[in-house]
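Trainee: Residue numbers (our numbering): 106 to 203. Glycine residues also receive a C-beta, built at the ideal position from the N, C-alpha and C atoms. Fair warning: this is a prediction, and the values are worked out from it, not measured in the lab.
#1: Within its chain, find whatever has a CB closer than 8 Å to the CB of residue 158; leave out the 5 residues flanking it on each side and keep chain order.
#2: Report the rounded CA-to-CA distance for residue 183 versus residue 125, giving the unit in angstroms.
#3: Name the two residues that bound the continuous beta strand (DSSP E) containing residue 184.
#4: Could you tell me which of 132, 170 and 123 sits nearest to residue 194, measuring between CA atoms?
#5: Just tell me which of 140, 199, 134 and 133 has its CA closest to the CA of residue 118.
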């Protein structure tokens, strides 16, 4: 019996899931954001630099995805709590945390 060959997107689909990505404004965090969005996730782009977070969120939206930008310093518990609250208020939950 032959197995159906599955694409990477089919194997790793996160369609409809909510991703909370810290450091999402640049570098590997930005790559995670865009890759998760491409795989179907809605993304909360969390970064200490709101401008870069907004840029990443806008790029995701331009590609047809759904994203929000949230400014937070992840070394501060109150910032993380606020970012989680903003994400849950917007998307309803968090399924993936990076």
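Mentor: Checking against the coordinates, here is how it stands:
#1: Only residues of its own chain outside the window of five on either side were considered, and among them 129, 130, 150, 151, 152, 174, 175 and 176 have a CB closer than 8 Å to the CB of residue 158, listed in chain order.
#2: 16 Å
#3: Bounds of any beta strand (DSSP E) do not take in residue 184; it lies within the alpha helix (DSSP H) bounded by 182–196.
#4: 123
#5: 140
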